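A.B. asks:
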Amino acid sequence: MNMQEAAERADTLLIDTINSIKPPVMWAYGISTDGGCEVSRRISVTTVISPERRGSFLGVVERQWETSGFTHRGTNKSEKTPATYFLTPDGFQIRVLFGYQGQAHFEVATPCVEKSDVEPPKQVPGGPTYDGKKAPLPSEKSDFWSAGTPASGASPSS
Numbered sequence: 014m015n016m017q018e019a020a021e022r023a024d025t026l027l028i029d030t031i032n033s034i035k036p037p038v039m040w041a042y043g044i045s046t047d048g049g050c051e052v053s054r055r056i057s058v059t060t061v062i063s064p065e066r067r068g069s070f071l072g073v074v075e076r077q078w079e080t081s082g083f084t085h086r087g088t089n090k091s092e093k094t095p096a097t098y099f100l101t102p103d104g105f106q107i108r109v110l111f112g113y114q115g116q117a118h119f120e121v122a123t124p125c126v127e128k129s130d131v132e133p134p135k136q137v138p139g140g141p142t143y144d145g146k147k148a149p150l151p152s153e154k155s156d157f158w159s160a161g162t163p164a165s166g167a168s169p170s171s
């Protein structure tokens, strides 16, 4: 596998994760980086996820990754910047963490692979284009994810 192929695999992992979140969230590409023999791809959620719903959001993501056969590597239980870290069977590191203004950031770091040129992420149908800039802060409201009360049970399916 070369760096371009690894980048495409990382993009697939990110898009599959974002598409598994119900109800859906809005997102933007983060800055992609490559160097040496590895690539990092990023997506940032632009839907406001309230502090009361962040645990539910992490739970939805963790269940998706566990169902996909990923190995849980660690958790940051910080109230302000919670995060969870997983490893795919093929050695890709994937994580989600909450940062400034409670924004959820996903990142996939590839294993070291054969050096090659790396293209920016391709646009997915209905998704944003990659512009090489930092993702905007969350501003999109969601009846579910932005609610100021804890979720009672599983997230709705739509």
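Following the working numbering, the numbering of the sequence shown begins with 14 at its first residue and continues without gaps. We put the beta carbon where it would ideally sit given N, CA and C, even for glycine. Since the model is a prediction, treat every value here as computed from it, not as a measurement.
Around the C-beta of T84, are 16 or more other C-beta atoms found within 10 angstroms, so that it is buried, or is it exposed?
C.D. replies: Classification for T84: exposed.
A.B. asks: On a CA-only basis, which of G112, P133 and S165 is nearest V58? Give me that one, please.
C.D. replies: Measuring from the Cα of V58, the nearest candidate turns out to be G112.
A.B. asks: Taking the continuous alpha helix (DSSP H) assigned at R67, which residues delimit it?
C.D. replies: Element bounds for R67: R67 to T80.
A.B. asks: Relative to the C-alpha of Q114, which candidate in V61, F99, N32 and A23 has its C-alpha closest?
C.D. replies: Considering only alpha carbons, the answer is V61.
A.B. asks: With contact counted as at least three CB pairs below 8 Å, one residue from each stretch, are the region 59-79 and the region 127-139 in contact?
C.D. replies: No, because fewer than three Cβ pairs between the region 59-79 and the region 127-139 fall closer than 8 Å, the two stretches do not touch.
A.B. asks: For P64, which residues from the same chain have a beta carbon less than 7 Å from its beta carbon, with the 5 sequence-adjacent residues on both sides left out?
C.D. replies: The answer, listed in chain order, is G115.
A.B. asks: In or out: T80 buried (at least 16 other Cβ within 10 Å) or exposed?
C.D. replies: Exposed, because fewer than 16 other Cβ atoms sit within 10 Å of the Cβ of T80.
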